[in-house]
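Residue numbers (the working numbering): 3 to 432. We put the beta carbon where it would ideally sit given N, CA and C, even for glycine. Single-structure report; data block below.
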Ligand code: HAM
């Protein structure tokens, strides 16, 4: 047999890496709780049609698609948003609004693997259904800011844009929806020349080019400039004012690093309003992104429901933390190993380990049948905290030997006192 490797772009997450991921998941759930989000778990495999209909060419072309044994065309989810929109247009359609939904899990895209880009990666995803007000757009940015701040991350910046500004200009100039999708996709990839080439009307091309070319650091100034450039397009002007309001709300709420980019586009086709990404300039990859999508639930046959959401790339956030030398602190339970001195005592030792587990104390039983010395060496190597050595003499006194592995000290202690001795010494560890 050959030796097997993981599929290209997919990783095993071992020990510290899986702990780190779990720490991030825990933190994301805490943020969900803080902001009133309820968690749902949806399938990893969904109908291809559901995932592809409004996701855009970029994601569509990178999905893991296959036919199941019942000849259904299905795919691995490349994101959570369509699954949540499916839920809100079906099972959750009568739930009172606003509806705040959190999902955490793995998603799949056939991206070219490189640092921070994988084919299986993790997202924490927040969707807020039922409000078209700017405060709900602001909530997405604020909860993302809170998440990153709580992790201790520094130097990240939010970039906001507005699909409505670009689409309203293009629509007013009679650019067809399909062409608009293609233009925005090129802009997302920063292929501006190619994007402009797709626009036939010279006038329209000039306006879009003007928006792309705007590079002003001061947000109020750039907003005024955008308004000036789109002033003849009523709806694009409204969209700019909407973006201004969201910017004001988030900055007034303490999120300071927010820039506005009039030429900013995102590959996903379902966006209708504000879009944003958060990134660390030095890293040059997005740690998260989201936006408003007011039409998707209708497309899925639900009642018209405005919606906005964000997804955080947990693998990339982990990478950014590593680059900034930040470790996630999480509460670690004390670990205990239990070693019978001889074969005949394993029944008694097992009984003690079960009662410790009954008290919620993680206890690993010596299943290799090793001598005490060897078993202790192994416990040291695996960084256990305490060893309980079950010997005949102590057992007669309803006691065991209790060894502190770090201090290399041991005492004889009554079995009934073990839980008290062990608990209360919980450790905070990175
Ligand atoms: P997205 O921008 O496609 O948005 O993905 C969100 C985040 O997932 C990115 O910012 C990035 O951190 C991470 N990510 C994307 N591709 C990869 C990859 N190949 N490897 C590692 N990390 C990656 C969405 O998924 C939308 N569903 C967000 C949303 C929710 N919009 C509205 N609601």
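>> Below 8 angstroms on the Cβ atoms is my contact criterion, and I expect residue 29 with residue 149 to pass it. Report the Cβ-Cβ distance as a whole number of Å.
In response: Reading the chain shown from its first residue, position 27 is the one you call residue 29. Reading the chain shown from its first residue, position 147 is the one you call residue 149. Yes, residue 29 and residue 149 are in contact; Cβ-Cβ is about 7 angstroms, under 8 angstroms.
>> Using a Cβ-Cβ cutoff of less than 7 angstroms, which residues in the same chain neighbour residue 322 once the five nearest sequence positions on both sides are dropped?
In response: As a working mapping, residue 322 is identified with position 320 in the chain shown. Counting only residues of its own chain and dropping the five nearest sequence neighbours on each side, residue 322 has a CB closer than 7 angstroms to the CB of 155, 282, 285, 289.
> Near residue 9, what residues of its chain come up, given a Cβ to Cβ distance below 8 angstroms and the 5 sequence neighbours on each side ignored?
Replying inline: Here residue 9 refers to the residue found at position 7 when the chain shown is read from its first residue. Correct list, in chain order: 121.
>> Less than 7 angstroms separating the Cβ of residue 263 from some heavy atom of ligand 1?
In response: Here the question's residue 263 lines up with position 261 in the chain shown. The nearest non-hydrogen atom of ligand 1 is 7 angstroms or more from the C-beta of residue 263.
> If residue 274 sits next to residue 132, beta carbons under 8 angstroms apart, how far is it from one beta carbon to the other, in whole angstroms?
Replying inline: Translated into positions along the chain shown, residue 274 becomes position 272. Translated into positions along the chain shown, residue 132 becomes position 130. The pair is not a contact, with the Cβ atoms about 15 angstroms apart (cut-off 8 angstroms).
> Whole-angstrom Cβ separation of residue 187 and residue 269, contact assumed at under 8 angstroms?
Replying inline: Here residue 187 refers to the residue found at position 185 of the chain shown. Here residue 269 refers to the residue found at position 267 of the chain shown. About 6 angstroms; that satisfies the 8 angstroms criterion.
> From residue 398 to residue 416, what does the alpha carbon distance come to, in whole angstroms?
Replying inline: To locate residue 398, count along the chain shown from 1; it is residue 396. To locate residue 416, count along the chain shown from 1; it is residue 414. Just so you know, the alpha carbons of residue 398 and residue 416 end up roughly 11 angstroms apart.
> For residue 288, which beta-bridge partners are listed by DSSP?
Replying inline: Taking the chain shown and counting its residues from 1, the one referred to as residue 288 is at position 286. In the DSSP output, where bridge partners are listed per residue, residue 288 has 281.
>> Check for me: the beta strand (DSSP E) holding residue 412 runs from which residue to which?
In response: Residue 412 sits at position 410 when you count from the first residue of the chain shown. Looking at the DSSP string, the run of the beta strand (DSSP E) that includes residue 412 is 411-416.
> Rounded to whole angstroms, how far is the Cβ of residue 365 from the Cβ of residue 340, which I believe are closer than 8 angstroms?
Replying inline: For this step, residue 365 is matched to residue 363 along the chain shown. For this step, residue 340 is matched to residue 338 along the chain shown. The Cβ separation is near 6 angstroms, so the contact holds.
> Do you know how far the Cα of residue 421 is from the Cα of residue 434?
Replying inline: The question about residue 434 has no answer, for the chain in this structure spans 3 to 432.
> Mapping DSSP to helix, strand and coil, what is residue 369?
Replying inline: Residue numbering aside, residue 369 sits at position 367 when the chain shown is read from its first letter. Coil at residue 369, not helix or strand.
> Cα separation between residue 419 and residue 139?
Replying inline: Taking the first residue of the chain shown as 1, we reach residue 419 at position 417. Taking the first residue of the chain shown as 1, we reach residue 139 at position 137. When rounded, the distance between both Cα atoms is 55 angstroms.
> Can you list, in chain order, the stretches of the alpha helix (DSSP H) that have 4 or more residues and sit fully within the segment 237-275?
Replying inline: Taking only runs of at least 4 residues, no alpha helix (DSSP H) segment lies wholly in the segment 237-275.
>> For residue 363 and residue 338, which I take to be in contact (beta-carbon distance under 8 angstroms), what is that distance rounded to the nearest angstrom?
In response: Your numbering for residue 363 matches position 361 in the chain shown. Your numbering for residue 338 matches position 336 in the chain shown. Their Cβ separation, rounded to whole angstroms, is 6 angstroms, which keeps residue 363 and residue 338 in contact under 8 angstroms.
> To which residues does DSSP link residue 451 through a beta bridge?
Replying inline: The structure shown does not extend to residue 451, since the chain spans only 3 to 432, so no value can be given for it.
> CB of residue 82 to nearest heavy atom of ligand 3: below 7 angstroms?
Replying inline: With respect to ligand 3, the structure shown offers nothing to examine, as its ligands consist of ligand 1.
>> Could you check whether the Cβ of residue 134 sits closer than 7 angstroms to any heavy atom belonging to ligand 1?
In response: Position 132 of the chain shown, counted from the first residue, corresponds to residue 134. With a threshold of 7 angstroms, the Cβ atom of residue 134 does not count as near ligand 1, since no heavy atom of the ligand is closer than that.
>> If we require 4 or more residues per run, which alpha helix (DSSP H) segments fall completely within the segment 189-234?
In response: At a cut-off of 4 residues, the continuous stretches assigned as alpha helix (DSSP H) that sit fully inside the segment 189-234 are 194-199, 204-215, 221-231.
> Using the beta-carbon count (16 or more within 10 Å), is residue 309 buried or exposed?
Replying inline: Translated into positions along the chain shown, residue 309 becomes position 307. Burial state of residue 309 is buried, judged by a 10 Å Cβ sphere holding 16 or more other Cβ atoms.
> Would you call the CB atoms of residue 104 and residue 127 closer than 8 angstroms?
Replying inline: Here the question's residue 104 lines up with position 102 in the chain shown. Here the question's residue 127 lines up with position 125 in the chain shown. Their beta carbons are under 8 angstroms apart, which means residue 104 touches residue 127 by this criterion.
> How would you write the range of the beta strand (DSSP E) that residue 20 sits in, first residue to last?
Replying inline: Here residue 20 is taken as the residue at index 18 of the chain shown, counted from 1. Premise fails: residue 20 lies in the alpha helix (DSSP H), 17-37, not in any beta strand (DSSP E).
> Grouping DSSP H, G and I as helix and E and B as strand, with all else coil, what is residue 331?
Replying inline: Indexing the chain shown from 1 puts residue 331 at position 329. When DSSP states are grouped into helix, strand and coil, residue 331 belongs to the coil group.
> Any idea which residues DSSP pairs residue 134 with across the strands?
Replying inline: Position 132 of the chain shown holds residue 134. Residue 134 is not bridged by DSSP to any residue.
> In its own chain, which residues sit with a C-beta less than 7 angstroms from the C-beta of residue 389, not counting the 5 before and 5 after it?
Replying inline: To locate residue 389, count along the chain shown from 1; it is residue 387. Result list for residue 389: 339, 341, 378, 381, 405, 407, in chain order.
> Where does residue 83 land, buried or exposed, given buried means 16+ other C-beta within 10 angstroms?
Replying inline: What you label residue 83 is simply residue 81 of the chain shown in a count that begins at 1. Result: buried.
> Can you tell me whether DSSP reads residue 363 as helix, strand or coil?
Replying inline: Translated into the one-based positions of the chain shown, residue 363 becomes position 361. The answer is coil: DSSP assigns residue 363 none of H, G, I, E or B.
> Does ligand 1 have even one heavy atom less than 7 angstroms from the beta-carbon of residue 318?
Replying inline: Looking up residue 318 in the chain shown gives position 316. Checking the Cβ of residue 318 against ligand 1 gives yes.
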